[in-house]
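Beneath this line is the structure, given in structure tokens, with notes to follow.
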Amino acid sequence: MEEAHWYVAHTYSGYENKVKANIDKTVENRHLENQILEVRVPMHDVYETKDSRGQGAKRELKSKKMFPGYVLIHMVMNDDTWYVVRNTRGVTGFVGPGSKPVPLTEAEMRPLGIETEAIIEVDFDIGDTVSIIAGAWKDTIGVIQSMNEAKQTVTINVELFGRETPVEISFAEVQKY
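The sequence shown begins at 1156 in this note's numbering and counts up one residue at a time.
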């Protein structure tokens, strides 16, 4: 399987959230969850100072887009995923020379607070019994129902309120029982 990278898509200004929603919907409809892993519109908090007609300045905390007109997409680049993103309403293209998208480097990702994870090699498979070694479900034992190698997660059934409930957990938090 090819490796997923972060790419930047250029959008019409103000369409970032619509583009994110449209790509997420297309991924769900076309079952591309293993190829387009995540779509983000990076936000940051900013204090705005307003003078309310002589009543003094008021500071308000507002969330603003870090990069108006851009959306970050974590995906495996191939003809299908390129076509899906490029033909999403509101997308004008990928960032890169010509029509070739260029993935973001790790140095470019660091200031955005998005960490690139190392690929974890695992010794378990669907149907194996595993023990959760970290997180909210620590010390829980379950059977693997499905694995998503692109997202580095497994889905196991755990008992919650007397019922079997599927829980998605990172490879790093699971070990073979």
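Even glycine gets a Cβ: it sits at the ideal position worked out from N, Cα and C.
Subject >> Of the residues M1264, R1265, P1223 and N1233, the one placed nearest G1245, counting alpha carbons only >> reply: P1223
Original post:
According to the Cβ coordinates, are I1296 and D1283 closer than 8 Å?
Top reply: no
Original post:
Which residue comes first and which comes last in the beta strand (DSSP E) that contains E1215?
Top reply: A1212 to K1220
**OP:** Using the Cα positions of T1243 and Q1210, report the straight-line distance between them to the nearest angstrom.
**Re:** 46 Å
Original post:
Cβ atoms of Y1202 and L1216: under 8 Å apart, would you say?
Top reply: yes
**OP:** Report the partner residues of G1297 according to the DSSP bridge assignment.
**Re:** BP columns for G1297 point to V1285.
**OP:** Using three-state DSSP, classify P1266 as helix, strand or coil.
**Re:** In the structure shown, the three-state DSSP call for P1266 is helix.
Original post:
Using CA coordinates, which residue listed in D1206, E1171 and V1309 is at the minimum distance from I1287?
Top reply: V1309
Original post:
Among residues of its own chain, excluding the 5 on either side of K1219, which ones have a beta-carbon nearer than 6 Å to its beta-carbon?
Top reply: V1201
**OP:** Could you check which residue in V1240, M1198 and R1214 has the C-alpha nearest to that of V1174?
**Re:** V1240
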